[in-house]
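A.B. asks: In the working numbering, the protein residues as written are 263 to 776.
For glycine and all other residues, C-beta sits at the position ideal for the given N, C-alpha and C.
Quick caveat, the model's predicted, so the values are computed rather than measured.
Attaching a single structure in structure tokens format; questions to follow.
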């Protein structure tokens with residue numbers, strides 16, 4: 263059962279709910295005998311039927327309890343209440359780094375204080391063999407007393423051989439801050455994975471925006487793996503070459519080119535900041551492979567650009583909600599939450615779509631199509647839809663009508679068969695394929711949207727040279743479709759790999775943790 267404000271859980275009286283994340287809800291509570299406030303992180307009731315979540319929470323508690331450092335949120339207790347496990351943590355008043363960045367740019371002293379504090383906490387955890395795996399601004403707490411904490415080791419994993427705090431080979435982390443090796447689903451992660459995420463956060467603090475921002479999680483993940491890092495000075499021209507060198511090394515695609523430890527990264531960054539007013543003190547460290555020959559030439563040849571403000575530069579597609587009230591302690595945002603829906607540019611071609619309602623999700627009953635408009639009949643019975651399709655076997659809209667009605671009746675296999683007949687009847691009508699797929703995606707029926715996108719791509723763009731708008735829409739559909747239980751039954755990764763190897767690789771990685 264869920265925790266209720268006002269009830270007593272063991273020695274703790276629940277006072278208020280502070281936040282809700284993908285795995286747990288955080289409450290403020292009071293421990294009377296110790297006369298102190300605490301934060302309680304309780305596993306969501308919906309997960310209790312799954313023993314994997316229960317075990318995962320227990321492992322997390324044991325891992326985090328090993329960490330005792332002034333820059334890591336301490337864990338006081340771990341227990342269960344009516345079969346619902348919870349963690350008891352230090353209650354911290356203050357704000358998150360994410361909220362602080364939204365309020366304005368950081369002064370140099372404040373920046374260095376945050377960097378040194380987080381670096382120290384990371385270095386300590388790494389020496390214990392523990393990775394954080396989700397370093398990001400919303401997991402950095404800036405306490406009112408000036409102390410900086412690294413919070414939410416909920417995604418932590420013991421890196422030592424033979425010890426695993428999470429399911430094997432899981433790919434976890436927030437897309438904007440994920441390392442290339444995490445994104446590719448590699449299992450042999452080490453501290454350089456956290457260093458990359460720390461580097462992304464450092465880039466955001468210095469430049470005013472994360473290095474990679476896109477409309478879909480896949481696009482961001484793809485950029486982390488394949489796209490060269492945007493040079494910081496091209497966004498904010500007053501960044502020194504020394505600071506830029508540090509960011510380039512921390513964010514090298516190949517982890518062998520990154521700093522070996524967070525201590526090394528902090529030391530290099532501190533030196534670069536100190537040398538900003540003294541060009542003769544520039545760093546001697548080599549740049550990551552492929553960047554050294556062109557850096558100075560690019561600086562000399564590019565025109566000066568106006569620096570963007572923090573409010574303009576900070577990413578707008580971050581799935582995390584707005585910053586919590588000041589007294590909220592541990593951030594518990596849903597790192598894998600789906601971003602707000604948007605209309606794709608190619609979808610705005612005067613389409614008036616009333617499409618495919620499935621159990622209140624898709625509208626049913628296609629009667630005709632005129633000027634790229636699908637008109638539906640929501641009142642047609644299954645028998646009438648079947649009769650209409652059989653009498654008009656070459657009419658794709660009749661089969662689309664049957665697909666919608668069948669799905670509304672819960673006949674998923676029949677609906678998919680009708681979708682396939684509709685596509686066959688559509689022949690070379692490319693617009694029909696992608697209109698149906700987009701309609702399904704727009705209603706978040708991701709599995710079948712991805713399946714129909716794939717059919718259309720295989721038919722009309724077998725060489726993989728498809729329009730960017732369709733590629734982006736397909737990537738989005740596949741990314742979210744991986745959460746469907748029947749994904750592997752309706753979509754074969756080998757088919758995707760035939761024209762989009764990068765997407766196939768990301769799909770394999772995502773299937774490891776959904």
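Whole angstroms are fine: how far does the CA of residue 458 sit from the CA of residue 722?
C.D. replies: For this step, residue 722 is matched to residue 460 along the chain shown. For this step, residue 458 is matched to residue 196 along the chain shown. Approximately 39 Å between the Cα atoms of the pair.
A.B. asks: Using the three-state DSSP reduction, which class does residue 454 fall into: helix, strand or coil?
C.D. replies: Within the chain shown, residue 454 is the residue found at index 192, counting from 1. Looking at residue 454 - three-state DSSP - the assignment turns out to be helix.
A.B. asks: Can you tell which of 648, 741, 684, 383 has its C-alpha closest to the C-alpha of residue 415?
C.D. replies: Reading the chain shown from its first residue, position 153 is the one you call residue 415. It is 383.
A.B. asks: Residue 279 bridges to which residues according to DSSP?
C.D. replies: Locating residue 279 in the chain shown gives position 17, where the first residue counts as 1. Note: residue 279 sits in a beta bridge opposite 289.
A.B. asks: Mind reading off the beta-carbon distance from residue 644 to residue 679? Whole number of angstroms is fine, and I expect it under 8 Å.
C.D. replies: Along the chain shown, one-based indexing puts residue 644 at 382. Along the chain shown, one-based indexing puts residue 679 at 417. At roughly 14 Å, the Cβ-Cβ gap does not stay under 8 Å, so residue 644 and residue 679 are not in contact.
A.B. asks: Which whole-angstrom value is the C-beta distance of residue 664 and residue 647, which I expect to be below 8 Å?
C.D. replies: For the purposes of this step, residue 664 is identified with residue 402 of the chain shown, where counting begins at 1. For the purposes of this step, residue 647 is identified with residue 385 of the chain shown, where counting begins at 1. That belief holds up - the Cβ atoms of residue 664 and residue 647 are roughly 4 Å apart, short of 8 Å.
A.B. asks: Please report the straight-line C-alpha distance between residue 339 and residue 345, rounded to a whole angstrom.
C.D. replies: Residue 339 sits at position 77 when you count from the first residue of the chain shown. Residue 345 sits at position 83 when you count from the first residue of the chain shown. Each residue's alpha carbon lies about 16 Å from the other.
A.B. asks: Look up residue 392 in the DSSP assignment and say whether it is helix, strand or coil.
C.D. replies: As a working mapping, residue 392 is identified with position 130 in the chain shown. Residue state, collapsed to three classes: strand.
A.B. asks: Flag this pair as touching only if the segment 764-775 and the segment 513-522 have three or more C-beta atom pairs under 8 Å; answer yes or no.
C.D. replies: These segments do not touch.
A.B. asks: Using a Cβ-Cβ cut-off of 7 Å (strictly less than) and excluding sequence neighbours within five positions of residue 362, which residues of its own chain qualify?
C.D. replies: For the purposes of this step, residue 362 is taken as the residue at position 100 of the chain shown. Cβ neighbours of residue 362 beyond the five flanking positions: 404.
A.B. asks: So residue 373 packs on residue 467, CB below 8 Å; how close in whole Å?
C.D. replies: The residue you call residue 373 lines up with position 111 of the chain shown. The residue you call residue 467 lines up with position 205 of the chain shown. Contact flag correct, Cβ pair sits at about 6 Å.
A.B. asks: Is it buried or exposed, residue 438, if we count other Cβ atoms within 10 angstroms and call 16 or more buried?
C.D. replies: On the chain shown, residue 438 is found 176 positions in, with the first residue counted as 1. Buried, since its Cβ has 16 or more Cβ neighbours within 10 Å.
A.B. asks: Can you tell me whether DSSP reads residue 380 as helix, strand or coil?
C.D. replies: The count along the chain shown starts at 1 and reaches residue 380 at position 118. Of the three classes helix, strand and coil, the one that applies to residue 380 here is helix, per DSSP.
A.B. asks: Just how far apart, CA to CA, sit residue 538 and residue 504?
C.D. replies: Residue numbering aside, residue 538 sits at position 276 when the chain shown is read from its first letter. Residue numbering aside, residue 504 sits at position 242 when the chain shown is read from its first letter. Near 7 Å, if we compare the C-alpha coordinates of residue 504 and residue 538.
A.B. asks: How big is the Cα-Cα spacing for residue 719 and residue 728?
C.D. replies: Residue numbering aside, residue 719 sits at position 457 when the chain shown is read from its first letter. Residue numbering aside, residue 728 sits at position 466 when the chain shown is read from its first letter. In a straight line, the C-alpha of residue 719 is about 7 Å away from that of residue 728.
A.B. asks: Rounded to the nearest angstrom, what separates residue 400 and residue 671 at their Cα positions?
C.D. replies: In the chain shown, the residue the question calls residue 400 occupies position 138. In the chain shown, the residue the question calls residue 671 occupies position 409. Distance between the alpha carbons of residue 400 and residue 671 is about 43 Å.
A.B. asks: Below 8 Å between beta carbons: does that hold for residue 396 and residue 436?
C.D. replies: Sequence index remark: in the chain shown, residue 396 carries index 134 (1-based). Sequence index remark: in the chain shown, residue 436 carries index 174 (1-based). Yes, these two residues count as a Cβ contact at 8 Å.
A.B. asks: Hey, how far is the Cα of residue 777 from the Cα of residue 750?
C.D. replies: The requested residue 777 is not part of the displayed model; the chain covers only 263 to 776.
A.B. asks: Which two residues bound the contiguous beta strand (DSSP E) that contains residue 356?
C.D. replies: By 1-based counting over the chain shown, the position of residue 356 is 94. Run containing residue 356: 356-358, per the beta strand (DSSP E) assignment.
A.B. asks: Let me confirm a value: residue 762 is counted as buried when at least 16 other C-beta atoms fall within 10 Å, else exposed. Which label applies?
C.D. replies: Your numbering for residue 762 matches position 500 in the chain shown. That one is buried.
A.B. asks: Given a cut-off of 8 Å on the beta-carbon distance, is the pair residue 472 and residue 507 in contact?
C.D. replies: By 1-based counting over the chain shown, the position of residue 472 is 210. By 1-based counting over the chain shown, the position of residue 507 is 245. Contact flag unset, no.
A.B. asks: So what does residue 800 bridge to, in DSSP terms?
C.D. replies: Outside the shown range of the chain (263 to 776) lies residue 800, about which nothing can therefore be said.
A.B. asks: For residue 491, I'd like the list of residues in its chain whose CB is within less than 6 Å of its CB, leaving aside the five on either flank, ordered along the chain.
C.D. replies: On the chain shown, position 229 is the one that residue 491 refers to. 473, 513.
A.B. asks: Keeping to the same chain, check which residues put their C-beta closer than 6 Å to that of residue 559; ignore five residues upstream and five downstream.
C.D. replies: Walking along the chain shown from the start, residue 559 turns up at place 297. In this prediction, residue 559 scores a pLDDT of 35, lower than 50, which makes its location untrustworthy; the coordinate-derived value is nonetheless stated afterwards. Hits under 6 Å: none found.
A.B. asks: In this structure, does DSSP put residue 334 in helix, strand or coil?
C.D. replies: The sequence position of residue 334 within the chain shown is 72, counting from 1. The answer is strand: DSSP assigns residue 334 an E or B state.
A.B. asks: How many Å lie between residue 789 and residue 445 at the Cα?
C.D. replies: This structure gives no information on residue 789, because the portion of the chain shown stretches from 263 to 776.
A.B. asks: Could you round the C-beta distance between residue 280 and residue 289 to whole angstroms and report it? I think they count as a contact, below 8 Å.
C.D. replies: Along the chain shown, read from residue 1 onward, the residue named residue 280 stands at position 18. Along the chain shown, read from residue 1 onward, the residue named residue 289 stands at position 27. Sure, about 6 Å apart at Cβ, within 8 Å.
A.B. asks: In whole angstroms, what separates the C-alpha of residue 695 from that of residue 741?
C.D. replies: Within the chain shown, numbered from 1, the residue matching residue 695 stands at position 433. Within the chain shown, numbered from 1, the residue matching residue 741 stands at position 479. Looking at the two C-alpha atoms, the distance is approximately 19 Å.
A.B. asks: Mapping the DSSP letters down to three states, classify residue 397 as helix, strand or coil.
C.D. replies: Along the chain shown, one-based indexing puts residue 397 at 135. Residue state, collapsed to three classes: coil.
A.B. asks: Figure out for me which residue from 752, 738, 755, 756 has the closest Cα to the Cα of residue 482.
C.D. replies: Counted from its first residue, the chain shown places residue 482 at position 220. Closest by alpha carbon: 738.
A.B. asks: At the level of alpha carbons, what is the spacing between residue 324 and residue 337?
C.D. replies: Your numbering for residue 324 matches position 62 in the chain shown. Your numbering for residue 337 matches position 75 in the chain shown. The alpha-carbon atoms of residue 324 and residue 337 are separated by roughly 10 Å.
A.B. asks: Assuming the contact rule is C-beta atoms closer than 8 Å, residue 755 and residue 709 should be a hit. Round their C-beta distance to whole Å, please.
C.D. replies: Taking the first residue of the chain shown as 1, we reach residue 755 at position 493. Taking the first residue of the chain shown as 1, we reach residue 709 at position 447. Between residue 709 and residue 755 the Cβ distance is about 14 Å, and since that is not below 8 Å, they are no contact.
A.B. asks: Closest by CA to residue 270, which one among 286, 641, 293, 413?
C.D. replies: Position 8 of the chain shown, counting from 1, holds the residue named residue 270. Comparing Cα-Cα distances from residue 270 to each of 286, 641, 293, 413, the minimum goes to 293.
A.B. asks: According to the Cβ coordinates, are residue 304 and residue 287 closer than 8 Å?
C.D. replies: Within the chain shown, the letter at position 42 stands for residue 304. Within the chain shown, the letter at position 25 stands for residue 287. A contact, by the Cβ cut-off of 8 Å.
A.B. asks: Quick check on residue 410: does DSSP put it in helix, strand or coil?
C.D. replies: Position 148 of the chain shown, counted from the first residue, corresponds to residue 410. If DSSP states are grouped into helix, strand and coil, residue 410 belongs with the strands.
A.B. asks: Spatial neighbours of residue 677 within its chain, please: CB distance less than 7 Å, with the 5 preceding and 5 following residues excluded, ordered by chain position.
C.D. replies: Your numbering for residue 677 matches position 415 in the chain shown. Closer than 7 Å at the Cβ level, and outside the excluded window around residue 677, lie 665, 668, 669.
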